[in-house]
Amino acid sequence: MRRVLGLVLAVWVGLWILALSLGPVRAQGQQPIKVGALFILSGNFAGYGKSGSQGAQLAAEEINARGGVLGRPIQLVVVDDQGNPEVGVREARRLILQEKVDFLFGIDSSSVALAVAPLTDEYKIPLVVTHAATPTLTEQCRPYVFRTSNNARMDAWAAAALAATLPVKRWANIGPDYEFGRVSWQDFITRLKQLRPDVEVVSEQWPRFGSTDYASFITALMRARPEGVFSTLWAGDMVIFARQAKQFGFFNQVKYFVNPVGAALEVLAPLGKETPEGLLVSARYWFLYPNTERNRAFVEAYRKRFGEYPSYNAEEAYAGLHMLARAVEKAKSTQAEAVRRAFEADGGLVYDAPEGRKRMRPEDHQVFEGLVWGYTKHTPDYPFAILDRLRIIPANDTAYPTQCKR
Amino acid sequence: MDIGFYLLQLLTGLAYASTLFLLSVGLSLIFGAMGIVNFAHGSFYMLGAYLFYAFTRGQVEGFWGGLLSVLASGLVIGALVERLLIRPIYARPEEHQILLTYALLLILEDAVRFFFGAAYRSFPMPEAFSSPLFILGSPFPSYYLFLIGLAALFALLLWGFLYRTRLGVWIRAATQDREMLEALGVNVPLLYTAVFGLGIALAALGGAALLPLQAATPGMAVDAVISAFIVVVIGGLGSVWGALLGAVLIGLLQAFGILLLPEWAMVFPFGLMALVLLLRPWGLLGRPPAVRT
Amino acid sequence: MRLALLLAALALLGPFMSEYGLKLASEALILGLYAMAFNLLFRQAGLLSFGQAAFFGLGAYAMALLTQKAEWPFLATLPASLLVSALGALIIGFFSIRLTRIYFTMLTLAFAQLLYAIAHKWYAFTGGDNGITDLRPPGLLGESLPFYYLVLLAFALAVIFLAALEGSPFGYALRALRDNRARAEAVGIDSFRHLLLAFVISGGLSGLAGFLQGALQRSVFPDYLFWTRSAEAILSTILGGSGFFLGPAVGASAFLLLRVVVQAKTEYWPFFLGVLLLLMVLFFPRGLTGLALGLIKWPTEVRRDASGG
C-alpha cells in the first residue's frame, strides 16, 4: 500500500512540476501591450459582461487599425471572473504572473474589483475599471486604480438632483439588499434632503438580491402611498419587478419611478413593449444621446460588428480602453507610475467618448461626466422602450467630495 | 384596521407560496420515494422556463400549448435521466447520488447558456389574465390567482394520486420499505423512473408557468434549488402537504414579516429553516427516519 | 515514512517554482487541508457535512477582522482563527450531531447559509458583500515563497495529526461508530462526544485553511461561507478518492489544476466539471487515487465501507 501511495504521490508531484513549468512564451520584438480584462461571462449577469468585452474588443481593433499605442498593438485577454471575488483574484494573478499583462481592465462586480484592487499595489499593475460602481473602490485612494465609468454615488447624486426638481415630497425605496442597493439609497436620500429638506421617507423595502417574487413588497410599498419611488433594482430583478409591479397598477399610482440603472439595454430589451412608460431612468450611457457624429459612428460601428445596439457597459469599456490608450501615449510608457502621472496631470486626463467628455479627477482617479436621464417611451422605431424628454445632469452636480489627496 | 390591505398582503403571500410550491413539490416527491436529494431540481425548473420560451417563441398564443408541451417534455426528460444516470447508482451511498445531481446542475447550467445565450427571456401576459381583479378596491393580478389555483389543483391531484390510486400507494410504500415492495412483485425501478419523471415534470411546469410573471435568467437554477430546499426542509422531506405548508409559511412570513421588519426580508427563510431543523429536524409534516439495523 | 518524503519533496521544490506556481501550490495545499478536514468526518465518522464552509469562513473572518480592526499581527491571529472556528463547530455540532444522515447534512448546510446571511447583512462589522481587503501579511510572510512554506508547514502538521488520529483509539472508535453505531454504543463508546470531538477537530482545521486562504487571496468575502465552498471540499475529496488517506489532498490539487487550466481556455468550466463528476461517479467512484491503483493493478486495500445505521 505504501509503495503504491508513494507512486501515486510521485505522479502527483510530477503533474505539478509539469503544469507549473508551462507558461506563455515571451515573444521578442514587436511586443504587444497586453490588457487583461475581467468580465462576468457566466451566470445571471453574463449579458453585461458580454457587452463589456465586446466594447473593449471594438476599441482594441480601432486602436490597432491606426497603428496601436506607442507603435505596439493592444492585445486583449478576456477572462470570466464569474462575479466571484476569489475567481477574480485567481484570474487576475494568472493574468499578471502567467500572461504578463501590462494592465488589468473591466470588472463588473464591485466585490471582484475590491478583491483585485490590492493586487495593483502588490504588483504595480494599473487597473482601469469600467463598470464596478461601489464608491468605496475609489475612496480607498489607491495609486494604480482608475475608474473611467461613473459610480453609484454619482448616480445617486444625479438622481437626487433630478428628484429635487420634481413635485414630490413623499419618497420610498425598493432596492436589492446588498451594498449597492443600500449605499445608493443612503447617498440618494442624504443628498436629496440637503437639496430639499422638506422631503420625507414613507417606506423602505429590501427584497433579497435575486428575488423572483416582489408581490408582497409591491403591495406594502403601494400602501404607504409614496409619490416618488427610488430604486436600484437592476438586471433580471428589474425585469421581473417591472412586470409584476405593472400588474398591480403600481406605475399608475406612483407618479415618479426613479432608477439610475433602469435604462440598461439588458433590461429594456427583454421587457420590450411591456416596459411601463414614464419611468425616469438612466444607465450611464444611452445610445441615442448625444446626437453627435462621434456617437453615431460608434453606435454604427458597434452594430455592424456585433449585431446589436451598444448597452452602457459596451460604451464604457470602449471608452475606457481608449482612455487608457491615451494615458499610455501621454506617458510614453506602460509603467504604472508614468501612467498614473499621465492620468493625473493637467487637472486630470480628458477624453471625448461617444457619450461625451470624460475627465478624470486627479485626487481619486474617478472620471466625472454628464449623465443622461429620460422618461421611457415606446416608439415604432425600436422593439424596446427609448428615452424621451431627456434631462442631462452636468458633471458638477455629481462631484461629491473625496477624502483622497494627491 | 385596514382589512383590505391585509387581505391583499395575504394573497400576495399565497401567490409567492404557490410559486414556491410548484417549484418544490417535485423535490419532495423524489426524495420521499427514492431517497435522492436532487440538486439539479432547480435546473429542470430553469429548463422548463427556457423550453417554454423556445416552444412558444415568445408568442402569447402558444401559452396553453406551451405549458402542455413542457409538462410532457419534463416527463420524458426526467424519465430518461433517471433511467440512464440514476438507476446505475441506486445502491451507492448517498453522497454519490448528491454528486451526480450536482454534476447535472453544472452541465445543465452551461447547456442552457450555450443554447439560449445570456439575455433574459420573458413571456407576455396572456390575454385572459391581462386585466387585474379588484380586491376591496385594490388591483390584484389575475395571473397570481391562476397560479394559486394551479398550485391548489396540483396539490389536490397529487394527494388523490398518492392516496387513491394503486400507483400512488406503491410510491408511498416505496418511501417506507423498498425491499418489501420489490418482494411483493412491484417493478420498483420502473416506479422510480415514473416518480422521477413526475417530479421533474412538475418542476419544469413550474418554471414555465411562472414565466409570464418572471424571467428566464441563466443563473436561476442555483437560486431556485436553494429556495426549494428551504421549503422542503421546513415542510418535511418526502411530504407533498409538507411542501405546501412550507411554501405557505415562507410566503406568509415574507408578506407579513416585511411589514414589521422590512430590513430583514433576506433572513426570514433561513431563519425559519434553522428553527425547524433545531426543533423538528425531519420537517413539520415529515416522518422521523425509520431506524434501520 | 513516505509522507515525510513527500513533504520534503514539496519543500525542496519551493525555490524552483515560479511566483505563479507558488501561489497555485499554496492554494492547492490549503484546499487539500480543507478537504482532509472534511474527510475526517466523512471517511472516519461517516458524516457528510455540507456546512464546512461555516468553519472555513469563520477562520478567515477571524483573521481578517483581527488584523484589520484590532490591528493584531498576522501570526497572532492564527490561534484566534482556530479557536473561533472550533467554537463554531462546537455550537453547530452540538445541534447537528443529534441527527443522522440527510438531516445532519441539511442542518449543517442550513447553519452555513445562516452564517453567510449574517456576514452579508452585518455591514458595519463584516463589510457585507464589500468584504474585508488588504489582508496581505506584512513582512516576510507577504512574499510568495515564505508564505508557501508556512502553508506547507500547516499542511504537514495537520496531516501528521490526522494520521496519528486515524491510528489512535479515538480513530478506531470513530470507525466503529461509522460502521455500526448501535453496536459501538453497546460496548460503551459515547457516540455524541466522539462525533462532536471529530466535528470540532474538523472545524478547527477548516478554520486553519480559511485563515491561510484569506491571507493568500488578500481578502475575505461572505462567499467564504456560501454552500458552494462546502461543495469544494466534497468535490475534491470524491475526485481524489475518499477511501484513501491522502485522497482528498490529491483531489484538491487535481481540482485546482483542472480549474485553472480549463478556465484559461474556455468559459464553460462548469460543464467540464459536471461531465467529469458524472464520469467519476458513474465509472470511477473510488476517485483518481482508486483509478490510479486500478491501472497499476495493485491489490486493493482499505476501502471505505458503506455507512451503516
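Protein chains in written order, with this note's numbering: chain H, 59 to 464; chain L, 922 to 1214; chain B, 7 to 315. Backbone N, C-alpha and C define an ideal beta-carbon position, used for all residues, glycine too. Computed from a prediction, not measured in an experiment: that's the story for all the values here.
query: Range of the contiguous beta strand (DSSP E) that encloses LYS9 of chain H; result: With chain H represented from 59 up to 464, any question about residue 9 of chain H goes unanswered, as that position is not in the structure.
query: Collapsed DSSP secondary structure at SER1063 of chain L in the structure displayed; result: helix
query: Any C-beta of chain H under 8 Å from that of THR1086 of chain L; result: no
query: Complete runs of the alpha helix (DSSP H) confined to the region 144 to 217 of chain B [at least 4 residues]; result: 150 to 173, 175 to 185 and 187 to 192
query: CB of GLY63 of chain B within 8 Å of CB of TYR230 of chain B, strictly; result: yes
query: Neighbourhood of ASN142 of chain H by C-beta distance below 6 Å, restricted to the same chain and skipping five residues each side; result: none
query: Close-in-space but distant-in-sequence residues of the same chain around PRO452 of chain H (CB under 8 Å, 5 per side omitted); result: GLY428
query: 7 Å Cβ shell around GLY983 of chain L - same chain, five flanking residues per side excluded; result: PHE976 and THR977
query: Inter-stretch contact (C-beta, 8 Å, three-pair minimum) for the region 279 to 296 of chain B and the region 84 to 101 of chain B; result: no
query: Contact list for the region 155 to 183 of chain H against chain L, Cβ threshold 7 Å; result: none
query: Any C-beta of chain L under 8 Å from that of LYS108 of chain H; result: yes
query: Pairwise C-alpha distance: ASP256 of chain H and VAL958 of chain L; result: 55 Å
query: One or two residues paired with ARG415 of chain H in a DSSP bridge; result: H:ASP410
query: N- and C-terminal bounds of the beta strand (DSSP E) containing GLN340 of chain H; result: Note on identity: in this sequence residue 340 of chain H is Ser, with Gln being the wrong assignment. 338 to 340 is the extent of the beta strand (DSSP E) around SER340 of chain H.
query: Cβ-Cβ distance between THR270 of chain H and GLN930 of chain L below 8 Å; result: no
query: CA nearest to the CA of ARG342 of chain H, picked from H:ARG130, H:TYR440, H:ARG417 and H:ALA216; result: H:ALA216
query: Buried versus exposed call for TYR1084 of chain L [16 or more other C-beta atoms within 10 Å across all chains shown]; result: exposed
query: Within chain L, the residues that PHE131 of chain B reaches when beta carbons sit closer than 7 Å; result: What PHE131 of chain B touches in chain L: nothing, since even the nearest Cβ is about 15 Å away.
query: Reference ALA125 of chain B; option with closest CA among B:ASP135, B:ALA116 and B:PHE117; result: B:ASP135
query: Rounded Cβ spacing between ALA317 of chain B and TYR40 of chain B (contact assumed at less than 8 Å); result: Any property of residue 317 of chain B remains undetermined from this structure, which presents chain B solely from 7 to 315.
query: Within chain B, the residues that PRO1009 of chain L reaches when beta carbons sit closer than 7 Å; result: LEU288
query: 8 Å Cβ cutoff met for MET69 of chain B and GLY220 of chain B; result: yes
query: Of the residues L:LEU1131, L:LEU1198 and L:LEU1126, the one placed nearest ILE1151 of chain L, counting alpha carbons only; result: L:LEU1198
query: Close-in-space but distant-in-sequence residues of the same chain around ALA938 of chain L (CB under 6 Å, 5 per side omitted); result: ALA1168, VAL1169 and GLY1172
query: Close beta carbons around ALA1039 of chain L, own chain, < 8 Å, minus the five adjacent residues each side; result: PRO1139
query: Cβ-Cβ distance between GLU387 of chain H and ARG464 of chain H below 8 Å; result: no
query: Short CB-CB distance (under 8 Å) between TRP1203 of chain L and chain B; result: yes
query: Contact list for ALA237 of chain B against chain L, beta-carbon separation under 8 Å; result: TYR1023
query: C-alpha distance - LEU1088 of chain L paired with ALA1094 of chain L, whole-angstrom precision; result: 10 Å
query: Beta-ladder partner(s) of ASN317 of chain H, from DSSP; result: H:VAL339
query: Secondary structure of VAL93 of chain H, DSSP reduced to three states; result: strand
query: Between the CA atoms of GLY57 of chain B and PHE131 of chain B - distance to the nearest angstrom; result: 22 Å
query: Helix, strand or coil at VAL454 of chain H according to DSSP, with G and I counted as helix; result: Position check: residue 454 of chain H holds Asn in this sequence, whereas Val was assumed. Looking at ASN454 of chain H - three-state DSSP - the assignment turns out to be helix.
query: Chain H contact residues for PHE926 of chain L, given Cβ-Cβ distances below 8 Å; result: THR277 and ARG281
query: Chain L residues whose Cβ lies nearer than 8 Å to that of TYR5 of chain B; result: An answer regarding residue 5 of chain B cannot be provided, because it is not within the stretch 7 to 315 covered by chain B.
query: Within-8 Å CB hit, ALA85 of chain H to chain L; result: Because ALA85 of chain H sits at a pLDDT of 47, beneath the cut-off of 50, its placement in the model cannot be relied upon, and the following sentence gives the value as read from the coordinates. No - not a single Cβ of chain L is within 8 Å of the one on ALA85 of chain H.
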